[in-house]
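Protein chains in written order, with my numbering: chain D, 17 to 295; chain G, -14 to 273.
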């Protein structure tokens, strides 16, 4: 009897969530339906809640929106009403918009390497009440200069020399040392989504990591021969952070998969996970 | 385009209805177990029919996710060219993993280790009752040395060795311990399954010189203590011992956070668990 009641309650709550969606979820569902009808890698514009947004690829834009605005994976608490935030790997700007929504006075710097995405990022920030977000077109790295960057057209562009780099249109982009930014000023939140460059950049930043109060990082593993996660996590511990891992995603669509001769044929060898670090 | 989309949605809906109406035997058994668990109090021993098995349990609510994980999601499935692979099932609990291995490889030569004496008795009964008396049961904790250890028995799936379990759960009992490394010297191991609630880093470090005879490993890394993370050293050890590895799952366990589920635990990121389990598969590329 009690079991039946509990199950009925669960079903009712699921129906209520479906019928009375919050606006972010409703917008996400609409975008998702549209993505099914839109060919991949076709740029366009879409209205999401009170944002007018340009995108380069609707199918990768949808999960970004879901993560950031529906599941609020970047939410963080800060007593400072104007927290200093570095949004590294800003893509088309959803993270920066989310930070500005949570903290209208936040001082955000958004950094994106892909020239096409960077143009969209600027447009999106200006069109959506976030013109005060500073934007920098650069790939974060351990030196200032230029780098070959593989553009993928959506959310997987990366530095061409990294292990497991994807095929794509190669462009030359400026590179920027995150360490220089951190030496100039401390930050309340470092959001890092830089597609495989995490360890190189954090190794370079290690002497100044004490200037970072909190970090949300997408940690990627793209190459079975050169794993970086253990090194990255040990750096965090050495720099005095506590951390937690969440949102693990096996990248089953990226080669290589475990071979047919291995005991676990077809297992994904690439993955991404979210690491949250704090003091 | 619109027609394709409608067709796709219809096919998805039809698939969902079919799965609901005619579930696979493993899924049907899992649903049955969840329904029973809904009306059974926690930590009450009993017996249940699941699929082809008659199973004793110590806590039905923890048996459900174990069944789902092992028999529905087949998370322990592995491929071996040998008819009788040698398997060490460390942290065997009530025996689902060993039963699963036997369902894939009826001739598998399995040794199952379980530290909690009460659960080890259930394990032995389950294996015998379902016709697998050839599985060797060792009622001992796997550890870096033989002897006796203090063990926190929680009566379900979270008991652990006092030295490596961050929070004390349940009642403490003295249990015997065996050195896992001694069992690795007896010949090649096709699969080492290690789910030992926090002791994995100590045991693997001790076993490292003897891991050359192990072809594949499934290890659950328990990250419950935010002041003492073990993942990086285990992954580094696996690489240094010549394994290729893949993380296959990360499961947040907010209820296992040290210091309770207090929201202040994860600093500015409230409501994010500081406790999780990482499932890792490791293997040798040159194997077989």
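For glycine and all other residues, C-beta sits at the position ideal for the given N, C-alpha and C.
Partner residues in the beta bridge of residue 178 of chain G, as assigned by DSSP, are G/74 and G/203.
Around the beta carbon of residue 240 of chain G, fewer than 16 other beta carbons sit within 10 angstroms, so the residue counts as exposed. By the Cβ-count criterion, residue 277 of chain D is exposed, with fewer than 16 other Cβ atoms from all chains shown falling within 10 Å of its own Cβ. The C-beta separation of residue 238 of chain G from residue 199 of chain G comes to about 27 angstroms, leaving the pair out of contact by the 8 angstroms criterion.
Cβ-Cβ distances below 6 angstroms link residue 280 of chain D to 274 in the same chain, with the five nearest sequence neighbours on each side left out; the list follows chain order. Annotated as proximal: residue 158 of chain D and residue 193 of chain D, with beta-carbon spacing under 8 angstroms.
The three-state reading of DSSP puts residue 136 of chain D in helix, counting H, G and I together. Residues of the segment 75 to 97 of chain D that bring their beta carbon within less than 8 angstroms of a beta carbon in chain G comprise 91, 92, 93 and 94, in sequence order. Look at the segment 199 to 219 of chain G: the residues with a C-beta under 7 angstroms from a C-beta of chain D are 200, 201, 211, 214, 216 and 217. For residue 199 of chain D against residue 208 of chain D, the beta-carbon gap comes to about 17 angstroms, at or over 8 angstroms, which does not count as contact. Comparing alpha carbon positions, the residue from D/61, D/99, D/263 and D/237 closest to residue 236 of chain G is D/263. Within 10 angstroms of the beta-carbon of residue 181 of chain D lie 16 or more other beta-carbons, which makes it buried. At a cut-off of 8 angstroms between beta-carbon atoms, residue 28 of chain G makes no contact with chain D. Listed by position along chain D, the residues whose Cβ is nearer than 8 angstroms to that of residue 15 of chain G form an empty set, because the closest Cβ is around 15 angstroms away.
Leaving aside the five residues that flank residue 143 of chain D on each side, the residues in its chain whose CB is nearer than 7 angstroms to its CB run, in chain order, 68. About 11 angstroms separates the beta carbon of residue 115 of chain G from that of residue 79 of chain G, a gap too long to meet the 8 angstroms contact definition.
For residue -10 of chain G, at least one C-beta of chain D is nearer than 8 angstroms to its own C-beta.
The DSSP-derived three-state label of residue 64 of chain D is strand. When the five nearest sequence neighbours on each side are left out, the beta carbons in the same chain lying within less than 7 angstroms of the beta carbon of residue 27 of chain G are those of 44 and 46, in order along the chain. In the three-state DSSP reduction, residue 182 of chain D falls in the coil class, being neither helix nor strand. In the structure shown, residue 253 of chain G adopts coil according to DSSP, grouped into three states. Of the other Cβ atoms in all chains shown, fewer than 16 fall within 10 Å of the Cβ of residue -6 of chain G; this residue is therefore exposed. With a cut-off of 8 angstroms on Cβ pairs, the segment 163 to 178 of chain G is not in contact with the segment 141 to 150 of chain G, counting fewer than three such pairs. A straight-line Cα-Cα distance of about 57 angstroms links residue 107 of chain G and residue 202 of chain D. Closer than 8 angstroms to the CB of residue 163 of chain G there is not a single CB belonging to chain D. Here the alpha carbons of residue 42 of chain G and residue 30 of chain G stand approximately 5 angstroms from one another. For residue 254 of chain G, at least one C-beta of chain D is nearer than 8 angstroms to its own C-beta.
Within the segment 276 to 287 of chain D, contact with chain G at the beta-carbon level (separation under 7 angstroms) is assigned to 277, 278, 279, 280, 281, 283, 284, 285 and 287.
Taking every protein chain shown into account, the CB of residue 47 of chain D has 16 or more other CB atoms within 10 angstroms, so this residue is buried. Under the 8 angstroms criterion on CB atoms, residue 187 of chain G is classed as non-interfacial with respect to chain D. In the DSSP assignment, residue 207 of chain D falls within the unbroken beta strand (DSSP E) covering 205 to 208. Contacts with chain G at 8 angstroms (Cβ-Cβ) include residue 292 of chain D. If you check each beta-carbon in the segment 133 to 162 of chain D against every beta-carbon of chain G, none falls closer than 7 angstroms. For residue 245 of chain D, the nearest CB of chain G lies under 8 angstroms from its own CB, placing it at the interface with that chain. According to the DSSP assignment, residue 41 of chain G belongs to the beta strand (DSSP E) that extends over 38 to 42.
When secondary structure is reduced to three states using DSSP, residue 210 of chain G falls in the coil class, being assigned neither helix nor strand.
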